[in-house]
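Inspection log for the structure reproduced underneath, given as structure tokens.
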Amino acid sequence: MTWLLTPAFRAALGALLFAGLPFASGAQVVAGSLLDAVNRPIPGVIVLLVDSASRVAARGLSDANGEFRVLAHQAGTYRLRTLRIGFRPALSDPVVLVAGGEVVKRLVLTGLPIVLDTTRIVDQSVCRAFTDSGAATYAVWEQIRAALTAAQLTTSARAITVTTVSYERTVGARPGENDGKVLRQSSTVQTGYARRPWHAAPPDSLRKFGYVSVQPDKSVVYLAPDLDVLLSASFVEDHCFRLVLDREHGGRVGISFEPVPDRRRLPEIRGTMWVERASSELRSLEYQYVHLSQEVAGQAPGGTLKFARLRDGTWAISDWGIEIPVAEQVILPGRPPEWRVTRLERSGGELALARRGNDTLWTGSRHSIAGTVRDSLTGSPVARARVVLSGSGLQDTSDDRGRFKIDGVLAGEYRLEAHTLALDSLAVVAQQSLTVDVDDPRVDVNLPDARHFVASVCGIADTHDDKASGIVLGRARVRSDSATPRNLRVILEWSEPATDTTQPDTAAIHTHRLETRGTIDGSFRFCGVHPTATLRLWAVADDAETAEPKLVRFRQATRLLRADLTLDRPSASATSGAVFTGIVITDSSRAPIAAAEVALPELGKDVLTDALGEFRLIGIPAGEHRVRVRRMGYGAADARVMFGPGETVERRIVLGRAVTLEPVTVSERAIDRTMASFEENRHVGLGHFLTRAELAKYTGMKLTGILAQIPGLDLINGSTTGTWVTSRRGPAALCPPGPTGSPPDHLTPTGRCLESHGYYVPDDEEARRGVAVACYALVYLDGVLMNGVREPTEPFDVSTIPPERVEGLEFYAGAAETPLQYGRVGSNCGVLVIWTRRPS
């Protein structure tokens, strides 16, 4: 079973309802004041109106002036019983109430204090009722009941205004990966009269059906006990109680409770109520759900309530929460399936402020994070950096001195992230772990320098050459329709003075030229660029090109330059030449051949086939021209083709497998040439790799089952068919929530925000098939990109690939560890490279 924190529970947790005492006209009233031995008013005393059978007819709570008022619904003779935490109960003389009358009483309390410090803890269980044999347990229980009743009366009186912070939080639970880290968090601040954190089901319903129920949609609803439940007679009758000592915190004694034996077939709760021994004050309630169908890795769902005495003697719940472990099924070779907890869903809240009128009675523990963003190389402050507390929705922007401050932080473990324009353009995030507890931490965020950029982005281990330490990146689009150019080539040039070695006194100009192929979405990148020279940048594609070179320069003291290019489609006169188009396929399976070179060498024109094996060349002069098609591992095609003026010539070109060479002697182990990069990347050590020998251990498993074993890789399974790859280290999307109950849509602000963060938003048909809103990984098959035609990256179904055809697997969880040949926009969502087996 997977534990689910369902919307039904969240709604119950968030429904903070007010409860007021009914005021019946014609009621009988007892009012008065409570004083100590020296006539000082006593606030926060519980006043019970009990009849001759010791039944409670009415309840009240003395205010800051020691005044109280209780209402009886029937005339008669009563007594006033007072409960003051830390003192023994006191009982007044009889009070006669007539119909519609009011009696004023002035009570002086001189009760003896309860001394729990001397309570002897014995291993003795009391079930169904507190008898004389459990006198010590009963004494502690009376103090707990007094605190619970005081908190219950405080919420009912509607006299105290409180500010509360409720939250929904997801915490990682993968050991060694994200254990204890806050992954996502949302919070809501509310102000109103003191209220209960939640209302549970009625005690009779819990007694009959238990605390956990399975809904028709298979979700599981966990019902939390509230004050009414804890104070009910049925709770005492359904549980056994035992005194316990907190040996870790020696100042506390507790009453642990567990269900009576005949309730073993119902989902129940067990736990402990902790009391300070010196003051007899209730501190907390900790509970867990038991008698469930499946408990995972020892982490049973449960919750906590914490109590606090306010300055005027009244009581309130200061902290509340419930934690549900979410488990996933893991299948290992040769072992039965097992459940592993992957994350914890927590819902709860804290009391931030309590006031009676203008008088502050309580302030909670909210935290702040302050610090400075600095350049890691120079130590100088960085202005306008966006500092984000990952998963919480809290952030700030550094000022001109690099300073930032984030307020309103709940205690916990977080990941602090720093974003700048330069970092975002590289899909690089500076991040560090941070623990927020009782002290407000100060942190310095160090941004990586240019040398780090070059090392991580360009794959250069060190760069001591300042003349080749620049990085240029960008994206090319076609002006008319913003389409992605096909077969994009980007050229970068710069010139600098050089000395002619043959004539030392003669100055010369040396021109540097770099050329790269654009990715399928038009992105490009150059490394090793002179950071102070004037650069000339232009691009050429199948049916578009830049009108003229773009002149750009690095900003002072930076090593990163973004330069986007706009290509124009040629005019009608420029397209009067012939067009050569078609597809390149294999001779055996008729499968398309990607990355094959189609060239007209006499004209200096060439192009590579795309993932579908298709190509297109334009602007070919009329006449007969030589056409050459080559691809490593295949035999070359070389022929002459006639082109008419403005004619479109379409050809299907078939390449056969290359001729097998004579046997040769090798001194090292053989490496498939097509997997040379696999071996190189595995030698570097970044990412996760599975070789053919390692894959053999998983014989009989589907490819999705094998992929599930790779650290950092996550799978999304469709509702019918289909499995898609994501990364557990994908970027967080700080987007506003959409309308409740409705999924994100491309046209909504939430959908557009998610897409801008690299998240794929499925259409209605895809959603019905189980495609989720997620940051999907790039998938390469034998070096050819199979998805990523558009941004954000669309999902690619890996379940269609038979595992027996796989020769090797590479997986990179984020952009920082992705090799240069696979690095592109979208690699921060993970990159999966699949190599298939070649015929032997």
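With our numbering applied, the sequence shown covers 30 to 869. Think of the CB as a built atom: it goes at the ideal place given N, C-alpha and C, for glycine as much as any other residue. Model, not experiment: these values are computed from the prediction.
Check: Excluding the 5 residues preceding and the 5 following Thr384 in the sequence, name in chain order all residues of the same chain whose CB lies nearer than 8 Å to its CB.; Outcome: For clarity, residue 384 is Arg in the given sequence; the question names Thr instead. If we look at Arg384 and ignore the five residues flanking it on each side, its Cβ neighbours are Ile189, Thr190, Val191, Leu390.
Check: Cα separation between Tyr443 and Phe609?; Outcome: 57 Å
Check: Classify Asn68 as buried or exposed, calling it buried when 16 or more other Cβ atoms lie within 10 Å of its own Cβ.; Outcome: exposed
Check: Tell me which same chain residues have a C-beta within less than 8 Å of the C-beta of Lys731, skipping the five on either side of it?; Outcome: Ser828, Pro832
Check: Which residues share a DSSP beta bridge with Tyr196?; Outcome: Ser216, Gly377
Check: When the Cα of Val636 is compared with those of Pro365, Glu723, Arg518, Leu594, which residue comes out closest?; Outcome: Arg518
Check: What are the residues that DSSP puts in a beta bridge with Glu315?; Outcome: Thr301, Thr333
Check: Kindly list the residues whose CB is nearer than 8 Å to the CB of Ala82, restricted to its own chain and excluding five residues on each side of it in sequence; keep chain order.; Outcome: none
Check: Just tell me which of Ser313, Glu310, Pro330, Gln738 has its CA closest to the CA of Val319.; Outcome: Pro330
Check: Output the distance between the C-alpha atoms of Cys764 and Ser216, rounded to the nearest integer angstrom.; Outcome: 14 Å
Check: Starting from Ser462, follow the beta strand (DSSP E) in both directions and report where the run begins and ends.; Outcome: 459-465
Check: Assign Glu525 to buried or exposed, taking buried as 16 or more other Cβ atoms, counted over all protein chains shown, within 10 Å of its Cβ.; Outcome: exposed
Check: Identify which residue in Asp792, Asp793, Phe840 has its Cα closest to the Cα of Gly812.; Outcome: Phe840
Check: DSSP state of Cys858, grouped into three classes?; Outcome: helix
Check: Leaving aside the five residues before and after Thr720 along the sequence, list all residues of the same chain whose C-beta is less than 6 Å from its C-beta, in chain order.; Outcome: Gly837
Check: Can you give me the C-alpha to C-alpha distance between Val211 and Gln850, rounded to a whole angstrom?; Outcome: 33 Å
Check: Quick check on the DSSP output: what are the complete beta strand (DSSP E) runs of length 3 or more inside the region 81-139, in order along the chain?; Outcome: 85-90, 96-101, 105-112, 124-126, 131-137
Check: With a CB to CB cut of under 6 Å and the five nearest residues on each side skipped, what residues in its chain are close to Ser552?; Outcome: Arg504, Arg853, Val854
Check: Exposed or buried, what is Ala101 when buried is set at 16 or more other beta-carbons lying within 10 Å of its beta-carbon?; Outcome: buried
Check: Does the region 406-425 come close enough to the region 357-372 to have 3 or more Cβ pairs within less than 8 Å?; Outcome: no
Check: Just to check my reading of the structure: Leu136 and Leu63 have Cβ atoms closer than 8 Å, yes? What is that Cβ distance to the nearest angstrom?; Outcome: 5 Å
Check: Rounding to the nearest angstrom, what Cα-Cα distance links Pro760 and Leu334 in this structure?; Outcome: 34 Å
Check: List the whole-angstrom C-beta distance separating Ile614 from Ala607, where the pair is believed to meet the contact cut-off of C-beta under 8 Å.; Outcome: With a Cβ gap of about 23 Å, Ile614 and Ala607 do not count as contacting.
Check: Quickly, what does DSSP pair Asp404 with across the bridge? List them, please.; Outcome: Leu476
Check: With C-beta atoms as the reference, is Val402 less than 7 Å away from Val472?; Outcome: no
Check: Considering only the beta carbon of each residue, do Ala842 and Ser756 sit closer than 7 Å?; Outcome: yes
Check: Can you say whether Asn816 is buried or exposed, counting buried as having 16 or more other CB atoms within 10 angstroms of its CB?; Outcome: buried
Check: Hey, how far is the Cα of Leu321 from the Cα of Pro288?; Outcome: 13 Å
Check: To the nearest angstrom, how far is the alpha carbon of Ala175 from that of Ser308?; Outcome: 13 Å
Check: Enumerate in chain order the residues of its own chain whose CB-to-CB distance from Arg430 is below 8 Å, with the five nearest sequence positions on each side excluded.; Outcome: Thr401, Pro410, Ala412
Check: Apart from the five residues just before and just after Arg758, which ones in its own chain have a Cβ nearer than 7 Å to its Cβ?; Outcome: Gly741, Ala842, Gly843
Check: What is the DSSP secondary structure of Cys269, reduced to helix, strand or coil?; Outcome: strand
Check: Any idea if Ser617 is buried or exposed, counting beta-carbon neighbours within 10 angstroms, 16 or more meaning buried?; Outcome: exposed
Check: Just how far apart, CA to CA, sit Val581 and Gly408?; Outcome: 28 Å
Check: Could you pull the start and end residues of the alpha helix (DSSP H) that Pro232 belongs to?; Outcome: 232-238
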